[in-house]
Amino acid sequence: MTMPFLLAWGACSMLLAPAGRNAPAQTPAPTPAPEPAAKPPFTFSAGSWAVRLGGYIKVDAIHDFDPIGSTDSFNPRTIPVDGSDGSNTRIHARESRVGLAAFGPVEGRELKLVVEGDFYGTSNAFRLRHAYGQYGFLVAGQTWTTFMDEDNIPPTIDFETALAQPLVRQGLVRFTFATSKRTQLAFGIEESDAQTVPPPDVAGKAEKPLPDLTARFRYETARAHVQLSGFLGLTRFRPLDGGPMDVTIGGVLASARFRLFRRDSAYAQFSWGPGLGRYRGEPSAAPDASGELKAVKVTALMVGYERCWSSRWCSNAVVSPAWVETDPGEALAPDRRFDYIAANLRYWFLENRAWAGVEYLHGLKEVRRGARGSANRVQLAIRFNIPG
């Protein structure tokens, strides 16, 4: 185990110690979305407790003009680079989701319990998205990683979203503290799930020796928020012969969203780190030219703008390139660059209850040997929110 990882583990362990009676009861509320907000879902009361049913039904009609391996979402990492041709049409409702949340006072504070899932499991099986409890400064269960900014997910019709957006739900224990009326700090101990490319012709297995450590600082007002976050982790490959190979990974994220005019929003994210692919589906560690495992450096950028023309019409455009970096002479991961571009138009034909939309998507994948491939998609969708 490397010394930097041990030092970081010790520091975060002290920061994560349970707070005393003066800890704030609740964290600041997230900035509301610029598009028409859905009305409160079904709520049932039982004494001082409330149980709320939420979710929606969504159908997607997708046409790919070029080959791509991900037919239900637009993932540029699955674009072939062999020059092959092909097209595909797909209609599905797998993104439809349902969730239950229970709220009630316990010993002077609100206890919140949430379970939510969709149908992206194998053969349309119900898949767990969120299952967590929140009490005061504590969140425990499975939910969005502390590393990401869940209030800055681009409003794409596509399920995948931009490349610079960390997009992971995982098991965690998180502690959040309000440091002022507008700022908060959060620290998390989270599931480790890094992908490791083994050295060529070396038999062995990947291991997850320690959990990931995550942290974020957030500043927000009624019209904007800014977030800085980071993660630190350790991945290991254990050959059948010889000692284990440990690689320390980590990354940083800067995220911001600003409300402009009455309904518009401009947003951006920048992420970088050796092993950043851990939170975006890329390998975190791979062998260099000599066969030694090293962290794979990734840089990603996202810039987007959402324009709501009226209370019923909204559009969004987002551009997100990502680069897989290596030093001269290193082999490492074969991918070199990805692009993700999306533009859509959505119309709420039932106010706060249902919308229809169309989106154009373009993706690019380039590998180190110079080959590249691109993909273009048009996606239509209709979504019905569970009514209030």
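In my numbering, the protein residues as written are 1 to 388.
C-beta atoms are modelled at their ideal positions from N, C-alpha and C, and glycine is treated no differently.
Tell me whether Tyr279 sits in a helix, a strand or coil according to DSSP, three-state version. helix
Let me know if Arg174 comes out buried or exposed under the rule of 16 or more other beta-carbons within 10 Å of its beta-carbon. Of the residues assessed, Arg174 falls on the buried side of the cut-off, its CB having 16 or more other CB atoms within 10 angstroms.
Endpoints, the beta strand (DSSP E) within which Thr89 is located: 88-92
May I have the straight-line CA-CA distance separating Trp355 from Ile57, to the nearest angstrom? 11 Å
Check whether the segment 213-229 and the segment 238-245 are in contact - that is, three or more C-beta pairs closer than 8 Å. These segments do not touch.
From Val358, Gly133, Arg353, Trp272, pick the residue whose C-alpha is nearest to that of Pro387; which is it? Arg353
Sorted by chain position, which residues of the same chain lie with C-beta nearer than 6 Å to Ser192's C-beta, five sequence neighbours on each side aside? Lys208, Pro211, Asp212, Gly233
State the CB to CB distance for the pair Ala203 and Thr196, rounded to an integer number of angstroms; the pair is presumed to be in contact (CB under 8 Å). Not really, about 14 Å apart at Cβ, beyond 8 Å.
I'd like to confirm the pairing. Which residues does DSSP put opposite Gln170 in its beta bridges? Thr143
What did DSSP end up calling Pro105 once you bin it into helix, strand or coil? strand
Where do the ends of the beta strand (DSSP E) carrying Ile382 lie? 372-385
Helix, strand or coil at Ala25 according to DSSP, with G and I counted as helix: In this prediction, Ala25 scores a pLDDT of 34, lower than 50, which makes its location untrustworthy; the coordinate-derived value is nonetheless stated afterwards. Note: Ala25 maps to coil in three-state DSSP.
8 Å CB neighbourhood of Phe258 in its chain, flanking five on each side removed: Arg223, Ala224, Ser265, Ala266, Tyr267
Ala295 versus His362 - alpha carbon distance: 29 Å
Could you tell me the alpha carbon to alpha carbon distance between Ala343 and Leu253, rounded to whole angstroms? 24 Å
Quick check on DSSP: helix, strand or coil for Ser73? coil
Nearest by alpha-carbon distance to Ser320: which of Gln142, Leu185, Ile153, Thr146 is it? Ile153
Exposure of Ser96, with buried meaning 16 or more beta-carbon neighbours within 10 Å: Here Ser96 is buried: its Cβ has 16 or more other Cβ atoms, across all protein chains shown, within 10 Å.
Express the C-alpha separation of Asp158 and Ser229 in angstroms, rounding to a whole number. If I take the Cα positions, the gap works out to 25 Å.
Proximity of Gly136 and Arg127 at Cβ, strictly below 8 Å: no
Buried versus exposed, by CB contacts within 10 Å (16 or more), Asp149: buried
Who are the near neighbours of Val114 in its chain, counting only those whose CB is closer than 6 Å to its CB and skipping five residues on each side? So the list reads Ala101, His130, Tyr132, once near-sequence residues are dropped.
Can you give the Cα-Cα distance for Asp288 and Trp49, rounded to whole angstroms? 56 Å
Helix, strand or coil for Asp241 per DSSP? coil
Am I right that Val81 and Ala371 are in contact with their C-beta atoms under 8 Å? What's the rounded C-beta distance? Beta-carbon to beta-carbon, Val81 and Ala371 are separated by about 4 Å, close enough to satisfy the 8 Å threshold.
Option nearest Phe44 by Cα separation, candidates Thr71, Ala61, Gly104: Phe44 has its Cα closest to that of Gly104, out of Thr71, Ala61, Gly104.
I need the straight-line Cα distance from Gly99 to Leu53, nearest angstrom please. 6 Å
Alpha carbon to alpha carbon, how far is Lys181 from Tyr347? Give it in angstroms, no decimals. If I take the Cα positions, the gap works out to 36 Å.
Got a sec? Which residues, its chain only, sit under 6 Å from Gly171 by beta carbon, not counting five neighbours each side? Correct list, in chain order: Gln142, Glu191.
C-alpha gap between Pro76 and Glu160, whole angstroms: 10 Å
What do you get for Arg369, buried or exposed, if any count of 16 or more other CB atoms within 10 angstroms of its CB means buried? exposed
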